[in-house]
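Heads up: the sequence lines are chains A and B, in that order. If you're matching positions, the first sequence starts at 0 in numbering that gives the first Met the number 0 and goes up one per residue. If you're matching positions, the second sequence starts at 0 in numbering that gives the first Met the number 0 and goes up one per residue.
Number of protein chains: 2
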Amino acid sequence: MSLIQPRTLKGFRDYLPAVMMPREQMMQTAREVFRSFGFAPIDTPVLEYLEILSGKGSDETDRQIYRFQDNGGRDVGMRFDLTVPLARFAAQHIGVLGTPFKRYHIAPVWRGENTQAGRYREFVQCDFDTIGTTSVLADIEAVAVINHLLEAIGFDRFTISINNRVILSGLLELHGLADKTVPVLRSLDKLAKIGREKTHEEMCRVAEISSEQADAVLALAACDGDAEAVLARLPEITAGSETAAEGIVRLTEIYRGAVASGVPTRRLKIDVSIARGLDYYTGAIFETTLDDLPEIGSICSGGRYDNLAGMYTKQHLPGIGASLGLDRLLAAMEQLNLLPVASTPAPVLIVYFDEDRRDDYLKMAANLRANGVGVEVYPDSKKLGAQLKYADGRGFTAAIVAGGNEWAESRCQVKTLATKSTTDVAYTHDDPAALVAVLKQQCDSR
Amino acid sequence: MSLIQPRTLKGFRDYLPAVMMPREQMMQTAREVFRSFGFAPIDTPVLEYLEILSGKGSDETDRQIYRFQDNGGRDVGMRFDLTVPLARFAAQHIGVLGTPFKRYHIAPVWRGENTQAGRYREFVQCDFDTIGTTSVLADIEAVAVINHLLEAIGFDRFTISINNRVILSGLLELHGLADKTVPVLRSLDKLAKIGREKTHEEMCRVAEISSEQADAVLALAACDGDAEAVLARLPEITAGSETAAEGIVRLTEIYRGAVASGVPTRRLKIDVSIARGLDYYTGAIFETTLDDLPEIGSICSGGRYDNLAGMYTKQHLPGIGASLGLDRLLAAMEQLNLLPVASTPAPVLIVYFDEDRRDDYLKMAANLRANGVGVEVYPDSKKLGAQLKYADGRGFTAAIVAGGNEWAESRCQVKTLATKSTTDVAYTHDDPAALVAVLKQQCDSR
Numbered sequence: 000m001s002l003i004q005p006r007t008l009k010g011f012r013d014y015l016p017a018v019m020m021p022r023e024q025m026m027q028t029a030r031e032v033f034r035s036f037g038f039a040p041i042d043t044p045v046l047e048y049l050e051i052l053s054g055k056g057s058d059e060t061d062r063q064i065y066r067f068q069d070n071g072g073r074d075v076g077m078r079f080d081l082t083v084p085l086a087r088f089a090a091q092h093i094g095v096l097g098t099p100f101k102r103y104h105i106a107p108v109w110r111g112e113n114t115q116a117g118r119y120r121e122f123v124q125c126d127f128d129t130i131g132t133t134s135v136l137a138d139i140e141a142v143a144v145i146n147h148l149l150e151a152i153g154f155d156r157f158t159i160s161i162n163n164r165v166i167l168s169g170l171l172e173l174h175g176l177a178d179k180t181v182p183v184l185r186s187l188d189k190l191a192k193i194g195r196e197k198t199h200e201e202m203c204r205v206a207e208i209s210s211e212q213a214d215a216v217l218a219l220a221a222c223d224g225d226a227e228a229v230l231a232r233l234p235e236i237t238a239g240s241e242t243a244a245e246g247i248v249r250l251t252e253i254y255r256g257a258v259a260s261g262v263p264t265r266r267l268k269i270d271v272s273i274a275r276g277l278d279y280y281t282g283a284i285f286e287t288t289l290d291d292l293p294e295i296g297s298i299c300s301g302g303r304y305d306n307l308a309g310m311y312t313k314q315h316l317p318g319i320g321a322s323l324g325l326d327r328l329l330a331a332m333e334q335l336n337l338l339p340v341a342s343t344p345a346p347v348l349i350v351y352f353d354e355d356r357r358d359d360y361l362k363m364a365a366n367l368r369a370n371g372v373g374v375e376v377y378p379d380s381k382k383l384g385a386q387l388k389y390a391d392g393r394g395f396t397a398a399i400v401a402g403g404n405e406w407a408e409s410r411c412q413v414k415t416l417a418t419k420s421t422t423d424v425a426y427t428h429d430d431p432a433a434l435v436a437v438l439k440q441q442c443d444s445r
Numbered sequence: 000m001s002l003i004q005p006r007t008l009k010g011f012r013d014y015l016p017a018v019m020m021p022r023e024q025m026m027q028t029a030r031e032v033f034r035s036f037g038f039a040p041i042d043t044p045v046l047e048y049l050e051i052l053s054g055k056g057s058d059e060t061d062r063q064i065y066r067f068q069d070n071g072g073r074d075v076g077m078r079f080d081l082t083v084p085l086a087r088f089a090a091q092h093i094g095v096l097g098t099p100f101k102r103y104h105i106a107p108v109w110r111g112e113n114t115q116a117g118r119y120r121e122f123v124q125c126d127f128d129t130i131g132t133t134s135v136l137a138d139i140e141a142v143a144v145i146n147h148l149l150e151a152i153g154f155d156r157f158t159i160s161i162n163n164r165v166i167l168s169g170l171l172e173l174h175g176l177a178d179k180t181v182p183v184l185r186s187l188d189k190l191a192k193i194g195r196e197k198t199h200e201e202m203c204r205v206a207e208i209s210s211e212q213a214d215a216v217l218a219l220a221a222c223d224g225d226a227e228a229v230l231a232r233l234p235e236i237t238a239g240s241e242t243a244a245e246g247i248v249r250l251t252e253i254y255r256g257a258v259a260s261g262v263p264t265r266r267l268k269i270d271v272s273i274a275r276g277l278d279y280y281t282g283a284i285f286e287t288t289l290d291d292l293p294e295i296g297s298i299c300s301g302g303r304y305d306n307l308a309g310m311y312t313k314q315h316l317p318g319i320g321a322s323l324g325l326d327r328l329l330a331a332m333e334q335l336n337l338l339p340v341a342s343t344p345a346p347v348l349i350v351y352f353d354e355d356r357r358d359d360y361l362k363m364a365a366n367l368r369a370n371g372v373g374v375e376v377y378p379d380s381k382k383l384g385a386q387l388k389y390a391d392g393r394g395f396t397a398a399i400v401a402g403g404n405e406w407a408e409s410r411c412q413v414k415t416l417a418t419k420s421t422t423d424v425a426y427t428h429d430d431p432a433a434l435v436a437v438l439k440q441q442c443d444s445r
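Laid out in structure tokens, this is it:
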């Protein structure tokens, strides 16, 4: 029989333990942060009716959907984000769930896009949303969640850029551009990437607006610097627009509320140029960048929307939420060697030293686990050197060696792998306390 | 615009918070148990080249694969289990990983099978395997892991049935049936379901063996009762087969090792009739049933295999593992109302009482979270009654009410929702200790 080449599809990847361990840790951290704010977990199917998924994002998103006919002849697709499934879910279940409904969802999504460094066709997103309220408190809370989330994952230097799309809408109204909102915002969204000049040119060409109109939009976007200073300058730039004035009040509330919630001011930026490509944001908008890795773009984005599930229900469901690109963040950390050094899932290895003592090693292991010490037993009674080499290579903290003499004398040797030192510790199956104490101390001090 | 009906595909389901919370808890418990034995997490893509997946299970499995051509014209499929991806993964990465390699993998799989109560086309499996050793220690450990896993999830009454396929092989050899192993085992596997008579009939018809031969096989399978007694009777029934004798020694080691590892004897059964449908098991075989729900079948099965990745590599990789049908277990628990009563992800609700105090509520929430108390702030300043009704309905433990008077007097009211009692507690943003203590005490006592 000829062998089948073991390989993954282009744009897909395996997660080996050294990366999967911190990845699992990140997901668990995210769950704990979300829960501490009262967000509850949900899950939805990977496959949805294609009609649920298609036509919800851009044409590009539509092309990227993995789609096929299932065995029952149904047109189905794999979800490309967690927002469209949330909209479908909310339309279907909101009667049971009630509002406000706060959910998080941590799950993979698929996009058949062209691959590039750090971008995959399968990646985990980490979304949270508050549905059924237009309260500014929910907007503020979203900023606080983003801050907690990144802090808990281990980042200190990051910037959460905040905007309120209503200010832009007011300005566009003021300059007679209300019907050009979508193409103007699309162009504006590229400002950081392609610069002022090219954005100006694209606005005039694609949105078909005048050079003066483009100047007015870009004047707002150029409003930069300290948050309180930007907030103070905005009324002047948008003078004459009541819509913009209301938007500025709300943006100020979000900013000051975030500060009251404990978000450090150094991490907050008012950036009236961010608009997000998606058309459905109608109020607050967020983007988050790592100060030391700005080139990877926003790693946590979101905003307020007026009507989440209008495609599926007549019930009006406003809400706010954001999405952390967990795998994107992980790929960046991996690329930059920021991931914690690989360690073993259990910190202690019991060396399988004396074949006749197999059941004793197993009992010792059960005893240690019952006392909260994770422990692996080497499965084969190989030479001591080989087993210690394995322990070293995998990153165990300590190895326990016990042969006939040690068992006879109710003790064992604990080898500290980092220092290559050995300690004799008393042990019997009936009294593991001394060994537990030594191992816990060694694991804690690592 | 006409509405699109919000619905899930047949055989798929949404997980609402009341079910998703215990489901997440189960997954987290499983991770902790696996890690405590030194198993490390991995992840693999949902989509694989179809040639990796097809022809690995039965014809039925092949038909059930969700398969399609991707945009690049590749034939791809969604994984139907976690074993085939593990085989591909091991073939690809074992050089880097080294052996013994112990991994766990908790992830959904897809099978387009006919749906029935409690069975879905998308479900989470929870697998663990030890690769690269033939040691009986790994077999014993697998039994210990299954025991810990179910105990940690919350079960007490379950039975782990153990067999060693080698004993059956010896018996088949003895009766000249070595070349009929597969059809005989296929029939034998149905014994519990269809009974002795029908199994006998099927063996004779499908495997084309004599009635006497079928009797001999079924005599072994009828060996029932106390584990040590069964082990003592087996040599007689298989007398004359050296293969069977070796198999009995190994099975005895697994049983006694499991007991040494702390698995209660009441949960262990020697069942020489279990063979598992899959052809690749070559040694130990496990099945696990819930004593109070035997009708749902095995909820954790596995066994030893000789050569995991023979389709993809010439490297010989023996191993042992088992798979917990996590969603199947969850569906059974849900059906039988065994799931814990829904509770909120955060136990405390801050009532949004006084609109002018928004930033104070947010500060209080941040303060409590920083002290380890999960807390949700109601987003809208609705009437007190409506907010307390929400708190009651969602299952919060306590609600905090603070209006102008309370803030002025540096205190707040803590309403215990179960007892409808109210306590006055001192609170300032600078000194939250008293409030933290009261809330922690209330959450702990629930």
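Yeah, the Cβ is synthetic: ideal placement off N, Cα and C, and Gly gets one too.
In the structure shown, the three-state DSSP call for Ile349(B) is strand. Taken in chain order, the complete alpha helix (DSSP H) segments of 4 or more residues contained in the segment 297 to 380 of chain B are 325 to 334, 357 to 369. If you look at Glu294(A), you'll find it isn't in any alpha helix (DSSP H); DSSP assigns it neither H nor E. Here DSSP, grouped into helix, strand and coil, assigns Ile105(A) to strand. Listed along chain B, the residues sitting closer than 8 angstroms to Glu47(A) by beta-carbon distance are Thr7, Leu8. Scanning chain A for C-beta atoms nearer than 8 angstroms to the C-beta of Lys362(B) yields Ala259, Ser260, Gly261, reported in chain order.
Taking the CA atoms as reference points, Leu307(B) sits about 31 angstroms from Glu227(B).
With at least 16 other beta carbons inside 10 angstroms of its own, Lys414(A) counts as buried.
Against chain A, a Cβ distance below 8 angstroms from Met19(B) picks out Ala39, Pro40, Ile41, Asp42. The continuous alpha helix (DSSP H) containing Glu31(A) extends over residues 16 to 35. Pro431(B) and Asn336(B) do not touch by the CB rule: their CB atoms are close to 39 angstroms apart, not below 8 angstroms.
No residue range can be given for Ser134(A), since it is assigned to no beta strand (DSSP E) and is classified by DSSP as neither H nor E. Closest in alpha carbon position to Arg204(A), among Lys189(A), Val183(A), Ala220(A), Ala191(A), is Val183(A).
Using a Cβ-Cβ cut-off of 7 angstroms, Thr132(A) is close to Pro378, Asp379 of chain B, given in chain order. The beta carbons of Pro378(A) and Leu136(B) sit about 5 angstroms from each other, so the pair counts as a contact at 8 angstroms. Within the same chain, Cβ atoms closer than 6 angstroms to the Cβ of Leu338(A) are found at Pro21, Met332, the five residues on either side in sequence being excluded. Close to Val75(B), with beta-carbon spacing below 8 angstroms, are these residues of chain A in chain order: Leu8. Boundaries around Cys411(B) are those of the beta strand (DSSP E), 410 to 415, since no alpha helix (DSSP H) includes it. Within the model, the alpha-carbon separation for His199(B) versus Ala220(B) is close to 11 angstroms.
A Cβ-Cβ distance of about 26 angstroms is found for the pair Tyr103(B) and Gly10(B), leaving them out of contact under the 8 angstroms criterion.
At least 8 angstroms separates the CB of Gln386(A) from every CB of chain B. Around the beta carbon of Arg265(A), fewer than 16 other beta carbons lie within 10 angstroms, which makes this residue exposed. Per the Cβ contact rule, the segment 143 to 163 of chain B is not in contact with the segment 381 to 397 of chain A (fewer than 3 Cβ pairs under 8 angstroms). Taken in chain order, the whole beta strand (DSSP E) runs of length 3 or more contained in the segment 139 to 206 of chain B are 157 to 163. Spatial neighbours of Ala401(A) in its own chain (CB-CB distance under 6 angstroms, excluding positions within 5 residues in sequence) are listed in chain order as Cys411.
Of the candidates Ala417(A), Glu354(A), Phe88(A), the residue whose Cα lies closest to the Cα of Lys382(A) is Glu354(A). Listed in chain order, the non-local C-beta contacts of Thr396(A) below 6 angstroms within the same chain comprise Pro346, Gln441, Cys442, Arg445, local neighbours out to five positions each way being set aside. Secondary structure at Glu112(B): coil, using DSSP grouped into helix, strand and coil. Following the DSSP letters along the chain, one finds Gln4(A) in no alpha helix (DSSP H), marked with neither H nor E. Per DSSP, Ala398(A) lies in no alpha helix (DSSP H); the unbroken beta strand (DSSP E) holding it starts and ends at 397 to 400. With a threshold of 16 other beta carbon atoms within 10 Å, Ile41(A) meets it and is buried. Just so you know, the alpha carbons of Gly403(A) and Lys362(A) end up roughly 16 angstroms apart.
A check of alpha carbon separations from Ala243(A) across Arg255(A), Leu230(A), Phe122(A) identifies Leu230(A) as the nearest.
For Thr264(B), the nearest beta carbon of chain A is not closer than 8 angstroms to its own beta carbon. Taking each of Val271(A), Ala417(A), Tyr426(A) in turn and checking the Cα distance to Glu408(A), the smallest one comes out for Tyr426(A). In terms of beta-carbon proximity, Glu59(A) stays away from the interface with chain B, with every pair separated by 8 angstroms or more.
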